Amino acid sequence: MQRESGRRRDTGGQDSEAVEQVLDELYATPPSAFVSRREERAAATRTAGRKEDARRIHAARRPTLAAWAANLLTRSRPEETQRFLELGQALREAHRTLDAAGLKELSAQRRRIVTALSRQAAQLAGEAGQRLSPAAQREVESTLRAVLADPEAADRWAEGRLEVSLTPPSAFPSGTAAAGPARTETAPAPRPKSRGTAPGTRARDELAERRRERREELERAEQEAERAARHLRDARAEQDDARESLRRSDDELGRARETVTAAEERLRAAREDLDRAERERREAEERGRTAADALAGAERDARASARRVDRLTGRGRQYGSSD
6 MQRESGRRRD
16 TGGQDSEAVE
26 QVLDELYATP
36 PSAFVSRREE
46 RAAATRTAGR
56 KEDARRIHAA
66 RRPTLAAWAA
76 NLLTRSRPEE
86 TQRFLELGQA
96 LREAHRTLDA
106 AGLKELSAQR
116 RRIVTALSRQ
126 AAQLAGEAGQ
136 RLSPAAQREV
146 ESTLRAVLAD
156 PEAADRWAEG
166 RLEVSLTPPS
176 AFPSGTAAAG
186 PARTETAPAP
196 RPKSRGTAPG
206 TRARDELAER
216 RRERREELER
226 AEQEAERAAR
236 HLRDARAEQD
246 DARESLRRSD
256 DELGRARETV
266 TAAEERLRAA
276 REDLDRAERE
286 RREAEERGRT
296 AADALAGAER
306 DARASARRVD
316 RLTGRGRQYG
326 SSD
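So this is what it looks like as structure tokens:
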């Protein structure tokens, strides 16, 4: 598949290959866990000193649920994806050559295949714990129709990194009109009207011209509406990412505050222990001085008593010799 060959050949070195693997992992992650996983991978890459790779990872935008399901389909069913891409190429070629009857038959086949693949995408999403709403499943079908009609859309889907669902071009043949890129066709120049042209013919020509102009205006309006809707989806995704980053920052700030509070409590307890130890030391020193004074007094008393005993003993011997 192109996703494995064209993109990986351009990477330079193991670091670039690692970034591609991280991006593949992110776009295989359910949207609800995308932002936290992205921030975790970007932080790890930044810590490893690869700032540019971290910036690229951080720039990855969370896919919508429908876009994620379309990515999941191409990653989980590579063989069917390849056949579907080949079918789109064959259909685009056939639309340039087949008549209206052949286009009608191909369009019926296309609808059956798109419906079957969109159901597979919904089943895969359900197995991953994500239920697709009917609106999301219709967006998956829109993406698959775009893949069949537009080679650029086919390349984007094959990479497996869609951020939003794709919309098929309005000029894709419906099966009842002649083939050809309606957006790039130019209407044939009107023939010069002679003075003999019937009023009914001129009215029909003018009506056809007004219809052509309205079709072109409608196509331009649809393109503008699709761009506006895409910008709106992108803005909402960016807002969701910002809210998730703010929530993570608030959580980290709360944990830091708790750590500081605990450290301050330990510091107060340590200071109290220090004050108590110093107070006990002063009391012990005071008791030591008191005991030393008592000991010195007791020693003086003991010496005085000993001297008195010695004096009394000497006098007694004197009295005994005189007898």
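Residue 57 in the numbering used here sits at position 52 of the sequence shown; the count goes up by one each step and never skips.
A virtual CB, placed ideally from N, CA and C, is assigned to each residue, including glycine.
In this text the structure is predicted, and so the values were computed from the model without any measurement.
- Evaluate contact between the stretch 62-79 and the stretch 132-141, counting only Cβ atoms and requiring at least three cross-stretch pairs below 8 Å. yes
- Alpha-carbon spacing of Arg66 relative to Ala47, whole angstroms: 13 Å
- Alpha-carbon to alpha-carbon, Ile62 and Gln125: Those two C-alpha atoms are separated by around 29 Å.
- Query: Using DSSP with H/G/I as helix, E/B as strand and the rest coil, what is Asp255?
  - Reply: helix
- Cβ contact (3+ pairs, closer than 8 Å) linking the stretch 83-97 and the stretch 31-42: no
- So, are the CB atoms of Ala159 and Pro174 less than 7 Å apart? No; because the gap between Cβ atoms is not below 7 Å, this pair is not in contact.
- Inter-residue spacing [alpha-carbon to alpha-carbon] between Asn76 and Ala113: 25 Å
- CB contact check: Ser310 to chain C, cutoff 7 Å: Among the chains of the structure shown, chain C does not appear; only one protein chain is present.
- Query: Val169 and Glu146: beta carbons closer than 7 Å?
  - Reply: no
- Under 6 Å Cβ to Cβ from Ala127, same chain only, skipping five residues before and after it: list those, please. Leu137, Gln142
- Query: Using the rule of at least 16 other Cβ atoms within 10 Å of the residue's Cβ for burial, across every protein chain shown, is Val24 buried or exposed?
  - Reply: buried
- Message: Starting from Arg67, trace the alpha helix (DSSP H) in both directions and tell me its first and last residue.
- Response: Careful: Arg67 lies outside any alpha helix (DSSP H) and carries neither H nor E.
- Count the other C-beta atoms from every protein chain shown that fall within 10 angstroms of the C-beta of Ser310, then say buried if there are 16 or more, exposed otherwise. exposed
- Query: If you draw a straight line from the alpha carbon of Asp245 to that of Asp255, how long is it in whole angstroms?
  - Reply: 15 Å
- Inter-residue CB distance, Ala59 and Thr50 (contact presumed, cutoff 8 Å): 4 Å
- Task: With a 10 Å radius around its C-beta and 16 neighbouring C-beta atoms as the bar for buried, classify Arg166 as buried or exposed.
- Result: With 16 or more neighbouring CB atoms inside 10 Å of its own CB, Arg166 falls in the buried class.
- Message: I'd like the list of long-range same chain contacts for Arg42, defined as Cβ closer than 8 Å, with 5 residues on each side in sequence excluded.
- Response: Glu30, Leu31, Thr34
- Residues near Arg150 in its chain [Cβ-Cβ closer than 8 Å; skip 5 each side]: Arg115, Val119, Pro173, Phe177
- Report buried or exposed for Ala130, applying the criterion of at least 16 other Cβ atoms within 10 angstroms of its Cβ. buried
- Do Trp162 and Thr52 come within 7 Å of each other at the CB atom, strictly closer than that value? no
- Using a Cβ-Cβ cut-off of 8 Å (strictly less than) and excluding sequence neighbours within five positions of Leu237, which residues of its own chain qualify? none
- For Gly201, count neighbouring Cβ atoms within 10 angstroms of its own Cβ and tell me buried if that reaches 16, exposed if not. Here Gly201 scores only 45 on pLDDT, less than 50, and its place in the model should not be relied on; the value that follows carries that caveat. Under this definition Gly201 is an exposed residue.
- For Thr148 versus Leu171, is the C-beta spacing smaller than 7 Å? yes
- Item | First and last residue of the uninterrupted alpha helix (DSSP H) at Gln94 | 83-99
- Task: With DSSP collapsed to three states, give me the class of Leu279.
- Result: helix
- Message: For Arg313 and Asp306, I'd like the C-alpha separation in whole angstroms.
- Response: 10 Å
- Query: Taking the continuous alpha helix (DSSP H) assigned at Asp160, which residues delimit it?
  - Reply: 156-164
- Task: Indicate the three-state DSSP secondary structure (helix, strand or coil) for Arg139 in the structure shown.
- Result: Correcting the residue type first, residue 139 is Pro in the shown sequence and not Arg. Three-state result, Pro139: helix.
- Just confirm the distance between the C-beta atoms of Arg253 and Glu44, as a whole number of angstroms; I'd bet it's less than 8 Å. With a Cβ gap of about 6 Å, Arg253 and Glu44 count as contacting.
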